[in-house]
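Engineer: Would you mind keeping the following structure in view while I ask a few things?
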């Protein structure tokens, strides 16, 4: 009996050792950063959540916006992408086998995209932005689709506004100089929005929660072939990133301090970290089906998807399903 017990204990120890080795597979994840922003996986790395897991993050530059990030992901230049939900869905429909790993940000009363005009602007309502120029960080992503949805709800053509691409750091400047009528500060740009608001002379017209309600704004994305090749690394990456989302909500001041140091390390202005409002993601850092289904329904309405062609469950990461 003693022999068999020892044998069982030895087998268990070997099994646990192998499991630990498997979960600590050395995997480098390359990604593109966002100016003035910090992702949950970047925060997780700063907090040491990936230590001992075999996962290392490698910042290989900046993305001009979500679509550019997805192009880099599709081409294999990075292992991590990040984009608005509608942009992710469009990429999948175009033939990219992507998995929405975890919500990069959410929108709620505290964290949302805000559309600003100058204080003396005649623009008062959503309907007034028709035929006006609106600065957005990129086309085909969250702000683009929020504007389209806002106009649709007003009974106006979804393309009635003239969207102009402007990098986040210049949103305030182009508005104050009169180059655009409206500047849209995305939910991931609360740092730039806070700095602009502090300078005064601006007036908000609406926020994306007025149009969309509380919902995930976008997703961090992985390729399905990567998830299949590295299932444990993918699971650990999502788990620790979601853990960082909770940390940011529970420790806002400490997160701003980490944010400032990360920006300074990247050669950006660390002072804007004081305006970081959080990620706006629900407790636990996990999505619900509406986060994706809402935009699937919009794309169906616009004729870009067929009814039933795509479901939220096809898109959202689930450890037991993503490797099938």
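Numbering (my numbering), first residue to last: 299 to 622.
Quick reminder that beta carbons are idealized off the backbone N, C-alpha and C, glycines included.
Flag this pair as touching only if the region 565-576 and the region 488-498 have three or more C-beta atom pairs under 8 Å; answer yes or no.
Structural biologist: yes
Engineer: Within a Cβ cutoff of 8 Å, which residues of the same chain sit near residue 360, ignoring the five residues on either side of it in sequence?
Structural biologist: Within the chain shown, the letter at position 62 stands for residue 360. The answer, listed in chain order, is 330, 331, 332 and 333.
Engineer: What's the C-alpha gap between residue 598 and residue 607?
Structural biologist: In the chain shown, the residue the question calls residue 598 occupies position 300. In the chain shown, the residue the question calls residue 607 occupies position 309. About 9 Å.
Engineer: Note down, in chain order, each residue of its chain lying with its Cβ closer than 8 Å to the Cβ of residue 561, except the 5 sequence neighbours on either side.
Structural biologist: Taking the first residue of the chain shown as 1, we reach residue 561 at position 263. Correct list, in chain order: 334, 336, 567, 568, 570 and 571.
Engineer: Roughly how many whole angstroms lie between the Cα atoms of residue 533 and residue 548?
Structural biologist: Mapped onto the chain shown, residue 533 falls at position 235. Mapped onto the chain shown, residue 548 falls at position 250. Looking at the two C-alpha atoms, the distance is approximately 23 Å.
Engineer: With DSSP run on the structure shown, which of helix, strand or coil describes residue 385?
Structural biologist: As a working note, residue 385 is residue 87 in the chain shown. In the structure shown, residue 385 sits in a helix (DSSP, three-state: H, G or I).
Engineer: Excluding the five sequence neighbours on either side, which residues of its own chain have a C-beta within less than 8 Å of the C-beta of residue 584, listed in chain order?
Structural biologist: For the purposes of this step, residue 584 is taken as the residue at position 286 of the chain shown. For residue 584, where only same-chain residues beyond five positions count, the Cβ hits under 8 Å are 400, 401 and 540.
Engineer: At what residues does the alpha helix (DSSP H) containing residue 471 begin and finish?
Structural biologist: On the chain shown, residue 471 is found 173 positions in, with the first residue counted as 1. Where residue 471 is concerned, the enclosing alpha helix (DSSP H) stretches over 469-474.
Engineer: Do residue 338 and residue 546 come within 9 Å of each other at the CB atom, strictly closer than that value?
Structural biologist: Here residue 546 refers to the residue found at position 248 of the chain shown. Here residue 338 refers to the residue found at position 40 of the chain shown. It is a contact, given that the beta carbons lie within the stated cut-off.
Engineer: Anyone know if the C-beta pair for residue 416 and residue 473 falls short of 9 Å?
Structural biologist: The sequence position of residue 416 within the chain shown is 118, counting from 1. The sequence position of residue 473 within the chain shown is 175, counting from 1. Going by C-beta atoms, residue 416 is nearer than 9 Å to residue 473.
Engineer: Sorted by chain position, which residues of the same chain lie with C-beta nearer than 7 Å to residue 554's C-beta, five sequence neighbours on each side aside?
Structural biologist: The sequence position of residue 554 within the chain shown is 256, counting from 1. Result list for residue 554: 571, 572 and 574, in chain order.
Engineer: Measure how close the beta-carbons of residue 556 and residue 503 come, nearest whole angstrom, since I'm counting them as under 8 Å.
Structural biologist: Taking the first residue of the chain shown as position 1, residue 556 is located at position 258. Taking the first residue of the chain shown as position 1, residue 503 is located at position 205. About 33 Å; that fails the 8 Å criterion.
Engineer: Kindly identify the DSSP beta-bridge partner or partners of residue 328.
Structural biologist: Start at 1 with the first residue of the chain shown, and residue 328 comes out as number 30. For residue 328, which the question treats as bridged, DSSP gives the partners 356.
Engineer: How many Å lie between residue 391 and residue 418 at the Cα?
Structural biologist: Locating residue 391 in the chain shown gives position 93, counting from the first residue. Locating residue 418 in the chain shown gives position 120, counting from the first residue. When rounded, the distance between both Cα atoms is 43 Å.
Engineer: Helix, strand or coil for residue 597, going by three-state DSSP, please let me know.
Structural biologist: Residue mapping note: residue 597 aligns to position 299 of the chain shown, counting from 1. Three-state DSSP puts residue 597 in a helix.
Engineer: Helix, strand or coil for residue 433 per DSSP?
Structural biologist: The sequence position of residue 433 within the chain shown is 135, counting from 1. Of the three classes helix, strand and coil, the one that applies to residue 433 here is strand, per DSSP.
Engineer: Measure the Cβ-Cβ separation of residue 657 and residue 445 and say whether it is below 9 Å.
Structural biologist: Residue numbering for the chain in the displayed model covers 299 to 622; residue 657 lies beyond these limits and cannot be assessed.
Engineer: Please state the DSSP three-state secondary structure of residue 320.
Structural biologist: Position 22 of the chain shown, counted from the first residue, corresponds to residue 320. With a pLDDT of only 43 at residue 320, under 50, the local geometry of the prediction cannot be trusted, and no value is derived from it.
Engineer: Strictly by DSSP, which residues pair up with residue 406?
Structural biologist: The count along the chain shown starts at 1 and reaches residue 406 at position 108. Note: residue 406 sits in no beta bridge, so no partner.
Engineer: Excluding five sequence neighbours on each side, which residues of the same chain lie with their C-beta closer than 7 Å to the C-beta of residue 323?
Structural biologist: Against the chain shown, residue 323 aligns to sequence position 25. Excluding sequence neighbours, residue 323 sits near 352, 528, 530 and 531.
Engineer: For residue 433 and residue 404, I'd like the C-alpha separation in whole angstroms.
Structural biologist: On the chain shown, residue 433 is found 135 positions in, with the first residue counted as 1. On the chain shown, residue 404 is found 106 positions in, with the first residue counted as 1. In a straight line, the C-alpha of residue 433 is about 21 Å away from that of residue 404.
Engineer: Under three-state DSSP, which class holds residue 445?
Structural biologist: Here residue 445 refers to the residue found at position 147 when the chain shown is read from its first residue. Of the three classes helix, strand and coil, the one that applies to residue 445 here is helix, per DSSP.
Engineer: What's the C-alpha gap between residue 375 and residue 521?
Structural biologist: Counted from its first residue, the chain shown places residue 375 at position 77. Counted from its first residue, the chain shown places residue 521 at position 223. Taking the straight line joining both Cα atoms gives about 12 Å.
Engineer: Please list, in chain order, all residues of the same chain as residue 370 whose beta carbon is under 8 Å from its beta carbon, the five residues on each side excluded.
Structural biologist: For this step, residue 370 is matched to residue 72 along the chain shown. Excluding positions up to five away in sequence, the list reads 330, 361, 376 and 379.
Engineer: Can you check whether the CB of residue 439 is closer than 9 Å to the CB of residue 393?
Structural biologist: Here residue 393 refers to the residue found at position 95 of the chain shown. Here residue 439 refers to the residue found at position 141 of the chain shown. No, the pair does not count as a contact, with Cβ atoms beyond the cut-off.
Engineer: Can you give me the Cβ contacts of residue 501 inside the same chain, cut-off strictly under 8 Å, excluding the 5 residues immediately before and after it?
Structural biologist: Counting from one through the chain shown, the residue named residue 501 turns up at place 203. Excluding positions up to five away in sequence, the list reads 414, 415, 416, 417 and 419.
Engineer: To which residues does DSSP link residue 416 through a beta bridge?
Structural biologist: Stepping through the chain shown from its first residue, residue 416 is reached at position 118. Answer is 500, bridged to residue 416.
Engineer: What first and last residue would you give for the alpha helix (DSSP H) that runs through residue 612?
Structural biologist: The residue you call residue 612 lines up with position 314 of the chain shown. Note, residue 612: alpha helix (DSSP H), 610-613.
Engineer: So residue 576 packs on residue 408, CB below 8 Å; how close in whole Å?
Structural biologist: What you label residue 576 is simply residue 278 of the chain shown in a count that begins at 1. What you label residue 408 is simply residue 110 of the chain shown in a count that begins at 1. Right, their Cβ atoms sit about 6 Å apart.
Engineer: Going by DSSP, which residues form a beta bridge with residue 379?
Structural biologist: Within the chain shown, numbered from 1, the residue matching residue 379 stands at position 81. Paired residue(s): 519.
Engineer: For residue 596 versus residue 443, is the C-beta spacing smaller than 9 Å?
Structural biologist: As a position in the chain shown, residue 596 is number 298, starting the count at 1. As a position in the chain shown, residue 443 is number 145, starting the count at 1. Yes, Cβ-Cβ distance for residue 596 and residue 443 is below 9 Å.
Engineer: My assumption, with CB atoms under 8 Å, is that residue 465 sits in contact with residue 435. Please give the rounded CB distance.
Structural biologist: Here residue 465 refers to the residue found at position 167 of the chain shown. Here residue 435 refers to the residue found at position 137 of the chain shown. That pair is a contact at about 7 Å.
Engineer: How many angstroms separate the CA atom of residue 383 from the CA atom of residue 550?
Structural biologist: Working through the chain shown from its first residue, we reach residue 383 at position 85. Working through the chain shown from its first residue, we reach residue 550 at position 252. Roughly 25 Å separates the two Cα atoms.
Engineer: What does DSSP give as the partner residue(s) for residue 460 in the beta ladder?
Structural biologist: Sequence index remark: in the chain shown, residue 460 carries index 162 (1-based). For residue 460, which the question treats as bridged, DSSP gives the partners 431.
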